[in-house]
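Reading the sequence shown from the start, the letters are residues 231 to 328 in the working numbering.
Backbone N, C-alpha and C fix where the C-beta goes; we use that ideal spot for every residue, glycine too.
Being a predicted model, the structure only gives us computed values, none of them experimental.
Have a look at the structure below before the remarks.
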Amino acid sequence: MFLDGIYTVLKKEKEYAYVSLCDEMHPVFQAHFPFNPILPGFVHLEIITAVFNLEIKKIKRAKFLDAVLPSQHIKYVKSHNTYTVLRDGNLVASFILE
């Protein structure tokens, strides 16, 4: 699969998960964008579905405040149908999902 190896779960609890992203050599980072790699928004959703065992039926809102780069550590937090993405305690993205 195209996303294999893009992240490693460092710690997982019921309402949050810490993940570590791979380096910029992964094909996702090579494609998005060459010489300026950032994590595509859809990968956040793939990680959320995997770590929280979720099936997304509808994305009601997606908001991106900052780019996520290779090799960063990210915290995904679940609160009802809202999922937030934090880096170093700062909000980088949020999603309201059904």
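Rounded Cβ spacing between residue i and residue j (contact assumed at less than 8 Å)
i, j, result
"Val315", "His274", "6 Å"
"Tyr313", "Leu299", "Going by Cβ atoms, the distance from Tyr313 to Leu299 rounds to 20 Å, so no, they are not a contact pair."
"Lys293", "Ala323", "6 Å"
"Pro317", "Gln302", "Checking the displayed sequence, the identity of residue 317 turns out to be Arg instead of Pro. Contact holds; Cβ gap of about 6 Å."
"Val281", "Lys242", "6 Å"
C-beta atoms of residue i and residue j nearer than 8 Å
i, j, result
"Leu321", "Glu276", "no"
"Lys308", "Glu245", "yes"
"Phe325", "Ile289", "yes"
"Cys252", "Ile278", "no"
Residue i classed as buried or exposed, judged by whether at least 16 other C-beta atoms fall within 10 angstroms
i, result
"Val249", "buried"
"Ala218", "Outside the displayed span of the chain (231 to 328) sits residue 218, for which this structure offers no information."
"Val239", "exposed"
"Leu295", "exposed"
"Phe272", "exposed"
"Phe259", "buried"
"His185", "Limits of the chain in this structure are 231 at one end and 328 at the other, which puts residue 185 out of reach."
beta-carbon residue i near the ligand PLP non-hydrogen atom, thresh 7 Å
i, result
"Lys288", "The ligand PLP is absent from the structure shown, which contains no ligands of any kind."
Next on the checklist: Just to confirm the assignment: which complete alpha helix (DSSP H) runs, minimum length 4, are found wholly within the region 232-277?
Outcome noted: 257-261
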